[in-house]
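Residue numbers (the working numbering): 289 to 549.
All C-beta atoms, glycine included, are put in the ideal place defined by N, C-alpha and C.
Treat the numbers as computed from the prediction; the structure is a model and nothing was measured.
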Amino acid sequence: MDPSLLVAHHDGWTELTLNRPDRLNSFNEELSRALAAALDDAEDDACRAVLLTGAGRGFCAGQDLGERVSADGPPDLGYTIETFYNPLVRRLRGLRKPVVCAVNGVAAGAGANLALACDIVLAARSAKFIQAFAKIGLVPDSGGTFFLPRLIGEARARAVSLLAEPVSAETAESWGLIWRAVDDVALLPEARALAAHLATQPTQGLALAKAALNASAGNTLDAQLDLERDLQREAGRTPDYREGVTAFMEKRPARFSGRRS
289 MDPSLLVAHH
299 DGWTELTLNR
309 PDRLNSFNEE
319 LSRALAAALD
329 DAEDDACRAV
339 LLTGAGRGFC
349 AGQDLGERVS
359 ADGPPDLGYT
369 IETFYNPLVR
379 RLRGLRKPVV
389 CAVNGVAAGA
399 GANLALACDI
409 VLAARSAKFI
419 QAFAKIGLVP
429 DSGGTFFLPR
439 LIGEARARAV
449 SLLAEPVSAE
459 TAESWGLIWR
469 AVDDVALLPE
479 ARALAAHLAT
489 QPTQGLALAK
499 AALNASAGNT
509 LDAQLDLERD
519 LQREAGRTPD
529 YREGVTAFME
539 KRPARFSGRR
549 S
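Printed below as a string of structure tokens:
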């Protein structure tokens, strides 16, 4: 039996592929645990960027509802969210390196919101993002009610949440929901090239930039200015800052190591 998650290690970066194509890569407990373990492994300093994508004709259809059929009464969906989805979202946002997501085909429910938790999202032109929760009487989870208003504004966030209508990749790009829509055949090559590029960049500086952006939504301007000061102080003490300045002065490309010290 094939593993539910494929892990491929490249030079400085890791590709993670959701691998339940017969179920549109919907999440069951095995896949949730496998992705959590892979993100733990990606903390290793040898990995400087992560690419997340899906096998087959879809990125991820969210929760596998077949796991929720029970004769023992209503399921505790809050337990599922707290045990599996919330930790994954927190890990993707907090990972001290960039995470690229390549959305192929449908990204629905928790699958859409896990994609939005990544740092840079590319989508095939055939892809669609669907906040499918309203179709089964549920609330957008996995960060959906946090990400959507911030990315596309409250009016659009309310409409896509309450109507559960598909949003095309090109519309998602024009709204600012994702970084870029690309031709289907170019999706993986472009996403892999982007991950490989990020793996050569100043990893610690990128991690600190992620931390600043993550904090900005809940900060006042004064608090954010103070945070930027503190993070810049930390960034200025990294080997990659020294290398970047030296390379600039010597008029040559920088050779960043990604090391913390």
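Item	Value
Which whole-angstrom value describes the C-beta separation of GLY546 and ALA523, a residue pair presumed to lie in contact below a C-beta threshold of 8 Å?	So it is not a contact: roughly 13 Å between Cβ atoms.
Return the CA-CA distance between ALA445 and ARG525, expressed in angstroms with no decimal places.	40 Å
At a cut-off of 7 Å, is SER545 close to the ligand SAM when judged by its beta-carbon and the heavy atoms of the ligand?	Absence of the ligand SAM from the depicted structure is noted, as is the absence of any ligand whatsoever, leaving it without description.
With 16 as the cutoff for other CB atoms within 10 Å, does GLU303 come out buried or exposed?	buried
Taking 8 Å as the threshold, find out whether the stretch 306–315 comes into contact with the stretch 351–371 through three or more Cβ pairs.	yes
Are any of the Cβ atoms in chain B nearer than 8 Å to that of GLU355?	Among the chains of the structure shown, chain B does not appear; only one protein chain is present.
If contacts are defined as beta-carbon pairs under 8 Å, then GLY393 and PHE347 qualify, I think. What distance do you get, rounded to the angstrom?	6 Å
Mapping DSSP to helix, strand and coil, what is SER549?	coil
Nearest to GLU370 by CA position, among VAL338, ALA487 and SER320, is which residue?	SER320
Tell me whether GLY432 is buried or exposed, calling it buried when 16 or more other Cβ atoms sit within 10 Å of its Cβ.	buried
Within the continuous beta strand (DSSP E) that includes TRP301, where are the two ends?	301–306
In the DSSP assignment, find the beta strand (DSSP E) that holds ALA469 and state where it starts and stops.	468–470
Whole-angstrom Cβ separation of GLY382 and ARG336, contact assumed at under 8 Å?	Their Cβ separation, rounded to whole angstroms, is 16 Å, which puts GLY382 and ARG336 out of contact at 8 Å.
Among the residues of its own chain, which have a CB less than 6 Å from the CB of VAL391, if the five just before and after it don't count?	PHE347, ALA403, ALA411 and ALA415
So the candidates are LEU513, PHE372, GLY464 and VAL473; which of them puts its Cα closest to the Cα of LEU323?	PHE372
When the Cα atoms are used, what is the spatial distance from VAL409 to ASP360?	39 Å
What number of angstroms, rounded off, separates the C-alpha of ASP475 from the C-alpha of GLN512?	According to the sequence provided, residue 475 is Leu. The question's Asp does not apply to it. Rounded to the nearest angstrom, the two C-alpha atoms are 35 Å apart.
Looking at the unbroken alpha helix (DSSP H) that takes in ILE440, where does it start and where does it end?	432–440
Under 7 Å Cβ to Cβ from ARG438, same chain only, skipping five residues before and after it: list those, please.	ALA505
Using the Cβ count rule (16 or more neighbours within 10 Å means buried), how would you classify THR508?	exposed
Would you list the residues sitting across from SER456 in a DSSP beta bridge?	LYS416
Using 8 Å as the threshold, is the stretch 535–549 in touch with the stretch 478–494, meaning 3 or more CB pairs across them?	yes
Which whole-angstrom value describes the C-beta separation of ALA460 and LYS423, a residue pair presumed to lie in contact below a C-beta threshold of 8 Å?	At roughly 19 Å, the Cβ-Cβ gap does not stay under 8 Å, so ALA460 and LYS423 are not in contact.
Please work out which residues of its chain come closer than 8 Å, Cβ to Cβ, to TYR529, disregarding the five sequence neighbours upstream and downstream, and give them in chain order.	PRO490, GLY493 and ALA523
Going by the beta-carbon positions, is the gap between ALA457 and ARG413 smaller than 8 Å?	yes
Report the partner residues of HIS297 according to the DSSP bridge assignment.	THR302
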